[in-house]
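Trainee: Top line first, the protein sequences correspond to chains A and B.
When the first sequence is numbered by our numbering, its final residue is 434 and no position is left out of the sequence of numbers.
When the second sequence is numbered by our numbering, its final residue is 868 and no position is left out of the sequence of numbers.
Number of protein chains: 2
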Amino acid sequence: MQHRFSTHIQEKFSFLLQQKVILAISGGVDSVVLAHLLAQNNVEVALAHCNFRLRGKESKADEEFVEKLADELNFPVYVQHFDTQKFAEEHSLSIQMAARDLRYAWFDELCNQLGYSYILTAHHANDSWETFLINFTRGTGFSGLTGIPENNDRTYRPLLPFSREEIVSYAQDNNIEWREDSSNQSNKYLRNKIRNEIYPLLKEENSNLMNSFLKTQEHLQQSEALLEDYITILFSKIVTETQFGYHLSITELKKTPNTKAVIYQLLKDFGFTEWEDVYQLIEAQSGKRVYSKTHQLVKDRDILILQEISESSSKTLEINYLEDIDFNLGKLKQNKVSQMKEFDKNVAYFPLELLKFPLQLRKWKSGDYFYPFGMKGKKKISDYLINEKIPVTEKENIWVLCNENDIIWIVNHRTNEKYRIKPTQTILKFTLTT
Amino acid sequence: MQHRFSTHIQEKFSFLLQQKVILAISGGVDSVVLAHLLAQNNVEVALAHCNFRLRGKESKADEEFVEKLADELNFPVYVQHFDTQKFAEEHSLSIQMAARDLRYAWFDELCNQLGYSYILTAHHANDSWETFLINFTRGTGFSGLTGIPENNDRTYRPLLPFSREEIVSYAQDNNIEWREDSSNQSNKYLRNKIRNEIYPLLKEENSNLMNSFLKTQEHLQQSEALLEDYITILFSKIVTETQFGYHLSITELKKTPNTKAVIYQLLKDFGFTEWEDVYQLIEAQSGKRVYSKTHQLVKDRDILILQEISESSSKTLEINYLEDIDFNLGKLKQNKVSQMKEFDKNVAYFPLELLKFPLQLRKWKSGDYFYPFGMKGKKKISDYLINEKIPVTEKENIWVLCNENDIIWIVNHRTNEKYRIKPTQTILKFTLTT
Chain A
1 MQHRFSTHIQ EKFSFLLQQK VILAISGGVD SVVLAHLLAQ NNVEVALAHC
51 NFRLRGKESK ADEEFVEKLA DELNFPVYVQ HFDTQKFAEE HSLSIQMAAR
101 DLRYAWFDEL CNQLGYSYIL TAHHANDSWE TFLINFTRGT GFSGLTGIPE
151 NNDRTYRPLL PFSREEIVSY AQDNNIEWRE DSSNQSNKYL RNKIRNEIYP
201 LLKEENSNLM NSFLKTQEHL QQSEALLEDY ITILFSKIVT ETQFGYHLSI
251 TELKKTPNTK AVIYQLLKDF GFTEWEDVYQ LIEAQSGKRV YSKTHQLVKD
301 RDILILQEIS ESSSKTLEIN YLEDIDFNLG KLKQNKVSQM KEFDKNVAYF
351 PLELLKFPLQ LRKWKSGDYF YPFGMKGKKK ISDYLINEKI PVTEKENIWV
401 LCNENDIIWI VNHRTNEKYR IKPTQTILKF TLTT
Chain B
435 MQHRFSTHIQ EKFSFLLQQK VILAISGGVD SVVLAHLLAQ NNVEVALAHC
485 NFRLRGKESK ADEEFVEKLA DELNFPVYVQ HFDTQKFAEE HSLSIQMAAR
535 DLRYAWFDEL CNQLGYSYIL TAHHANDSWE TFLINFTRGT GFSGLTGIPE
585 NNDRTYRPLL PFSREEIVSY AQDNNIEWRE DSSNQSNKYL RNKIRNEIYP
635 LLKEENSNLM NSFLKTQEHL QQSEALLEDY ITILFSKIVT ETQFGYHLSI
685 TELKKTPNTK AVIYQLLKDF GFTEWEDVYQ LIEAQSGKRV YSKTHQLVKD
735 RDILILQEIS ESSSKTLEIN YLEDIDFNLG KLKQNKVSQM KEFDKNVAYF
785 PLELLKFPLQ LRKWKSGDYF YPFGMKGKKK ISDYLINEKI PVTEKENIWV
835 LCNENDIIWI VNHRTNEKYR IKPTQTILKF TLTT
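1. Confirm, please, whether the CB-CB distance from residue 785 of chain B to residue 861 of chain B is below 8 Å.
2. Can you have a look at residue 195 of chain A and say buried or exposed, based on whether 16 or more other CB atoms are within 10 angstroms of its CB?
3. Confirm, please, whether the CB-CB distance from residue 632 of chain B to residue 198 of chain A is below 8 Å.
4. Does residue 226 of chain A come within less than 8 Å of chain B when only Cβ atoms are used?
5. Among B:473, B:704, B:774 and B:752, whose alpha-carbon lies nearest the alpha-carbon of residue 858 of chain B?
6. Hey, residue 655 of chain B and residue 580 of chain B are a contact pair by Cβ (cut 8 Å); roughly how many whole angstroms apart?
7. Is the shortest distance between the beta-carbon of residue 714 of chain B and the beta-carbons of chain A less than 8 Å?
8. Name the chain B residues that come within less than 9 Å of residue 193 of chain A, Cβ to Cβ?
9. Between the segment 23-43 of chain A and the segment 119-129 of chain A, can you find at least three pairs of beta-carbon atoms closer than 8 Å?
10. For residue 800 of chain B, collect the residues of the same chain with a Cβ closer than 8 Å to its Cβ; drop the 5 residues on either side in sequence, then sort them by chain order.
11. Quick check: what's the CA-CA separation for residue 819 of chain B versus residue 738 of chain B?
12. What separation, rounded to the nearest whole angstrom, lies between the Cα atoms of residue 398 of chain A and residue 153 of chain A?
13. What ranges does the beta strand (DSSP E) occupy inside the segment 720-764 of chain B, keeping only unbroken runs of at least 3 residues that lie completely in it?
14. If you check the beta carbons only, do residue 59 of chain A and residue 52 of chain A fall under 8 Å apart?
15. What does DSSP give as the partner residue(s) for residue 861 of chain B in the beta ladder?
16. With 16 as the cutoff for other CB atoms within 10 Å, does residue 441 of chain A come out buried or exposed?
17. Give the residues of chain B in contact with residue 229 of chain A, contact being defined as C-beta atoms less than 8 Å apart.
18. Rounding to the nearest angstrom, what Cα-Cα distance links residue 402 of chain A and residue 375 of chain A in this structure?
19. Per the DSSP calculation, residue 683 of chain B is bridged to which residue(s)?
20. Chain B partners of residue 262 of chain A, CB-CB under 8 Å?
21. Output needed for residue 679 of chain B: all residues of its chain with C-beta closer than 6 Å, excluding positions within five of it in sequence on either side, in chain order.
22. Which runs of the alpha helix (DSSP H) at least 4 residues long sit entirely within the segment 137-209 of chain A? Give them in chain order.
23. Hey, is residue 530 of chain B's beta-carbon within less than 8 Å of any beta-carbon in chain A?
24. Is residue 48 of chain A helix, strand or coil by DSSP?
25. Starting from residue 281 of chain A, trace the alpha helix (DSSP H) in both directions and tell me its first and last residue.
26. Quick one: what's residue 369 of chain A bridged to in DSSP?
27. Note down the Cα distance separating residue 312 of chain A from residue 362 of chain A, rounded to an integer number of angstroms.
28. In whole angstroms, what is the alpha-carbon distance linking residue 179 of chain A and residue 642 of chain B?
29. Determine, using beta carbons only, whether residue 574 of chain B comes closer than 8 Å to chain A.
30. If we count the other Cβ atoms within 10 Å of its Cβ and call it buried at 16 or more, is residue 61 of chain A buried or exposed?
31. For residue 336 of chain A, which residues in chain B fall below 7 Å Cβ to Cβ?
32. Among the candidates A:76, A:144, A:156 and A:182, whose CA atom is the shortest distance from the CA of residue 56 of chain A?
33. Between which two residues does the beta strand (DSSP E) carrying residue 840 of chain B extend?
34. Starting from residue 632 of chain B, find everything on chain A with Cβ-Cβ shorter than 7 Å and list it in chain order.
35. How about residue 603 of chain B: is its Cβ closer than 7 Å to a heavy atom in the ligand NAP?
36. Is it buried or exposed, residue 338 of chain A, if we count other Cβ atoms within 10 angstroms and call 16 or more buried?
Spelled out as structure tokens, the structure:
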């Protein structure tokens, strides 16, 4: 009778049977068993082995073991050496994270270069169980408790429903050899401590620990899927995407029975940490804002506006004569014209003879002033924006076009009285298109 | 400066200050600290101490300690003795569950008799953390991971945001004495094992373990609240309550992106265990049904009908020739066979020529009789079941297969002597599969 590992692969991973796949192989029992299973099922596999050079001779012996196995199973094999220590230091990563990043980057490269479709890893139920407890120990959200996914992108994990014990039994029953990683014995890493100390304690209490866990995971994954469906529905009701960022309708937010929880779900990926401050924006005065490292959330009457804190906010762009320029409001074009037509906010006309190129385009700043077209005298831009009732958030994204020390246009709003066209002057027309 | 325990009580439990409340007190550090805090905040408290008589002299000393404390704090005190062992045996409960049931029943009684409004318990963050891991170990759904609630019914838990360490420090700093429960040292119970062995291991990895956990809990509780909101919305779209049970619209179910997860959420409280069968009803033929101990779910064109079994217990199912039928004992199949093989309780053979279709399948009722195979004469089914020592609970779920007025099979037990096969007769075989 066929072993249930094979049945599982044939039933749930039949798409692999016609594809070229890469198997990430360490030489440990999990990946070696998976290699054998794939060979039995005639999957076209290449073995990919990473040598992180963290364990000296042992690493070398693992590499040789994998090469021998490839030979035996008649699979091509790729081996890559990494200087994990150096990469970790350069990128301020833990050794484990560095190894992980290096691994997946290389697998991707292999796939792309050699025309492989999928990457397989031999993660199993115990790995997922350990991940749950690691996340639980460090503190996590819902998604940190839903385990290792069976699939993401082109990576698949066919052994995920099986326990380490089952995999070891399979290897023993089939006289399959593997390499033990001596570092698994050390409890330096939380994962090893959970595996070597906590797992045996809890296993005494529930001999079916992995089956119970798999059911728990299924429940949580189902709940997570439903929650995502709900968030999608809420998003479409509450959020509008605009040129100036996302707008969250406070009226719609307040219709939900758990407003705080909804705000959290909608904004959790934008790096905010001061959640109480975020929640209080709902009742705050217009203009109040909360910052994360990358974003700001601004209250503006019935709206919460989410915007990226633009890196380019202090940038000044230089504009040469008749040169188009792209910036975050759109594209600014120049034309020489013989007369003024099309009067609109997105259009401005200047006497060419007064302009000294390059002009400058930058965000307005406090202290800026200009001579509003059609008005007498100069005005602070901050006062002008208040008078014009420009919403707080839009204020953040007001650009000015400058000619030497003069602000000649508050882009998309008002030109400078001093640059009014006189008869006989050559006219340069600026048009902002979005 | 006021301690943050007091601030927490004043801010979040101010409603207690004008009420008479019962404090469940063991004499352990948690409940003793809470007693002192309540005294400081002038809450009108009665102490309620349960003596479960499980630890002999130690139990007696705890009781005396609580009485002395009551005297010191000037609180009335109620003490109740329980025969936990006996109650546990009588109700087939674990000692821990028995103690819990006895405790809460008595607190409720005290509240009702003496006009107290609330029950307080001194559960803290570590208790909740342990509960999480207990449920995780045994296998659980989402709600098993959201920790001990701060409140249910009239029970409140003011110390829930604080760790055991903080509570012990408070007691030490304020020279508060308490009793150590020697049974906490034993690792006989999973909770103690988690507390004494696993907690120290994980605490080494995250010195802020409880704070991380409280944040995790908050995330999970928020997610759970949202999920409940969504289920409420789905319920109103999908489910109609009728005189004959709940109707679930299959059309509406299919509109949801995760239909299985929705079905599970809507039906999870009705005792079903064979979820794959439940999910398959969506595409099954009308008339197919799945049973739990208490309910049945029947496919009827575009509807899944959920009914309590008791309501349908008097139903008679009709069976056509060679038609399989699902009912709460399993699936009953028919085959025409040429000879009898496989003699087992779940198999019955009848001469086809004697059967007049449709046959009837129904629960036995008082007054029913039949001719037991291998015996002479007729027998009341009630007597037969007594003679065969069928347990009471199973008796309620005994089905009989009827051919016109004859009971031809007590399903899964005994056929009718009058339907014994004779040579040359064509044989119809019935098989019950579960």
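Glycine residues also receive a C-beta, built at the ideal position from the N, C-alpha and C atoms.
Mentor: So, from the data block:
1. Start at 1 with the first residue of the second sequence, and residue 861 of chain B comes out as number 427. Start at 1 with the first residue of the second sequence, and residue 785 of chain B comes out as number 351. Contact: yes.
2. Numbered from its first residue, the first sequence carries residue 195 of chain A at position 195. Residue 195 of chain A is classed as buried because its beta carbon has at least 16 other beta carbons within 10 Å across all chains shown.
3. Position 198 of the first sequence holds residue 198 of chain A. Position 198 of the second sequence holds residue 632 of chain B. Yes; because the gap between Cβ atoms is below 8 Å, this pair is in contact.
4. Numbered from 1 along the first sequence, position 226 holds the residue referred to as residue 226 of chain A. Proximity of residue 226 of chain A to chain B, defined by a Cβ-Cβ separation below 8 Å, is satisfied.
5. Position 424 of the second sequence, counting from 1, holds the residue named residue 858 of chain B. Ranked by Cα distance from residue 858 of chain B, the first of B:473, B:704, B:774 and B:752 is B:774.
6. As a working note, residue 655 of chain B is residue 221 in the second sequence. As a working note, residue 580 of chain B is residue 146 in the second sequence. That belief holds up - the Cβ atoms of residue 655 of chain B and residue 580 of chain B are roughly 5 Å apart, short of 8 Å.
7. Position 280 of the second sequence holds residue 714 of chain B. It does not; no Cβ of chain A falls within 8 Å.
8. The count along the first sequence starts at 1 and reaches residue 193 of chain A at position 193. Residues of chain B passing the Cβ test: 635, 636, 638 and 639.
9. Touching, yes.
10. Within the second sequence, residue 800 of chain B is the residue found at index 366, counting from 1. The residues are 816.
11. If you number the second sequence from 1, residue 819 of chain B lands on position 385. If you number the second sequence from 1, residue 738 of chain B lands on position 304. Linking residue 819 of chain B to residue 738 of chain B through their CA atoms gives a straight-line distance of about 35 Å.
12. As a first step, residue 398 of chain A must be located in the first sequence, where it is residue number 398. As a first step, residue 153 of chain A must be located in the first sequence, where it is residue number 153. Residue 153 of chain A has its alpha-carbon roughly 40 Å from the corresponding atom of residue 398 of chain A.
13. You should have 723-725, 729-734, 737-742, 751-753 and 759-761.
14. Within the first sequence, numbered from 1, the residue matching residue 59 of chain A stands at position 59. Within the first sequence, numbered from 1, the residue matching residue 52 of chain A stands at position 52. Pairing residue 59 of chain A with residue 52 of chain A gives a Cβ-Cβ distance under 8 Å.
15. Position 427 of the second sequence, counted from the start, is the residue given in the question as residue 861 of chain B. Residue pairing from DSSP places residue 861 of chain B in a beta bridge opposite B:771 and B:785.
16. The structure shown does not extend to residue 441 of chain A, since chain A is modelled only from 1 through 434, so no value can be given for it.
17. The residue labelled residue 229 of chain A in the question sits at position 229 within the first sequence. Within 8 Å Cβ-Cβ: 664, 690, 691 and 692.
18. Residue mapping note: residue 402 of chain A aligns to position 402 of the first sequence, counting from 1. Residue mapping note: residue 375 of chain A aligns to position 375 of the first sequence, counting from 1. Taking the CA atoms as reference points, residue 402 of chain A sits about 19 Å from residue 375 of chain A.
19. Sequence index remark: in the second sequence, residue 683 of chain B carries index 249 (1-based). In DSSP, residue 683 of chain B forms a bridge with B:737.
20. For the purposes of this step, residue 262 of chain A is identified with residue 262 of the first sequence, where counting begins at 1. Per Cβ cutoff of 8 Å: 660.
21. In the second sequence, counting from the first residue as 1, residue 679 of chain B sits at position 245. Within the same chain, Cβ atoms closer than 6 Å to the Cβ of residue 679 of chain B are found at 739, 740 and 741, the five residues on either side in sequence being excluded.
22. The segment 137-209 of chain A contains these whole alpha helix (DSSP H) runs: 164-173, 190-193 and 199-205.
23. In the second sequence, counting from the first residue as 1, residue 530 of chain B sits at position 96. No, because no Cβ of chain A sits closer than 8 Å to the Cβ of residue 530 of chain B.
24. Indexing the first sequence from 1 puts residue 48 of chain A at position 48. The three-state secondary structure of residue 48 of chain A, taken from DSSP, is strand.
25. Counting from 1 along the first sequence, the entry for residue 281 of chain A is found at position 281. It is not in any alpha helix (DSSP H) - residue 281 of chain A carries neither H nor E in the DSSP assignment.
26. Residue numbering aside, residue 369 of chain A sits at position 369 when the first sequence is read from its first letter. Residue 369 of chain A is bridged to A:380.
27. In the first sequence, the residue the question calls residue 312 of chain A occupies position 312. In the first sequence, the residue the question calls residue 362 of chain A occupies position 362. Only weak support is given to the placement of residue 312 of chain A: the predicted model assigns it a pLDDT of 47, under 50, and the value that follows is read from those uncertain coordinates. Spanning the two alpha carbons is a distance of roughly 9 Å.
28. Position 179 of the first sequence, counting from 1, holds the residue named residue 179 of chain A. Position 208 of the second sequence, counting from 1, holds the residue named residue 642 of chain B. Using only the alpha carbons, I get a separation of about 37 Å.
29. Indexing the second sequence from 1 puts residue 574 of chain B at position 140. Nearest CB-CB separation between residue 574 of chain B and chain A: below the 8 Å threshold.
30. Against the first sequence, residue 61 of chain A aligns to sequence position 61. By the Cβ neighbour-count rule, residue 61 of chain A is exposed, with fewer than 16 other Cβ atoms within 10 Å of its own.
31. What you label residue 336 of chain A is simply residue 336 of the first sequence in a count that begins at 1. The contacting residues do not exist; residue 336 of chain A stays about 56 Å from chain B at best.
32. Counting from 1 along the first sequence, the entry for residue 56 of chain A is found at position 56. Per the C-alpha coordinates, the member of A:76, A:144, A:156 and A:182 positioned closest to residue 56 of chain A is A:182.
33. Within the second sequence, the letter at position 406 stands for residue 840 of chain B. Annotation for residue 840 of chain B: the continuous beta strand (DSSP E) segment containing it runs 840-844.
34. Counted from its first residue, the second sequence places residue 632 of chain B at position 198. What residue 632 of chain B touches in chain A: 198 and 201.
35. Summarising the ligand content, the structure contains no ligands, and the ligand NAP is consequently not present.
36. Along the first sequence, read from residue 1 onward, the residue named residue 338 of chain A stands at position 338. So residue 338 of chain A counts as exposed.
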